[in-house]
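Trainee: Sharing a structure, written as structure tokens. Questions coming.
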Amino acid sequence: MARQRAESAGWFIALTADVEWRAAGRMPPVWEYLTNPPTILAATGSPELRRFLGGLWAWPGGSRA
């Protein structure tokens, strides 16, 4: 649970940076974007979430996304 909480906090920080870029109407430089990456991939790769989602991981459309 602590891992998910940490991932959610990181996700919130990344989204906040994205909102700031959009509100200012600017495209961030690559280095700035890469220092604020969305961390949802680490959360979705966790075994806890895989057990929770169950059969959704076996759906062919999910593996292409």
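Final position of the sequence shown in my numbering is 174; the numbers increase by one with none missing.
Backbone N, C-alpha and C define an ideal beta-carbon position, used for all residues, glycine too.
1) Quick test of your reading: Asn145 and Ala126, contact by CB under 8 Å. State the CB separation rounded to the nearest angstrom.
2) What is the DSSP secondary structure of Thr144, counted as helix, strand or coil?
3) In three-state DSSP terms, what is Arg135?
4) Keeping to the same chain, check which residues put their C-beta closer than 8 Å to that of Met136; ignore five residues upstream and five downstream.
Mentor: Let me spell this out:
1) In the sequence shown, residue 145 corresponds to position 36, counting from 1. In the sequence shown, residue 126 corresponds to position 17, counting from 1. That belief holds up - the Cβ atoms of Asn145 and Ala126 are roughly 4 Å apart, short of 8 Å.
2) By one-based count along the sequence shown, residue 144 stands at place 35. Thr144 falls in the coil class under three-state DSSP.
3) Here residue 135 refers to the residue found at position 26 when the sequence shown is read from its first residue. Coil, per DSSP.
4) Stepping through the sequence shown from its first residue, residue 136 is reached at position 27. Trp130.
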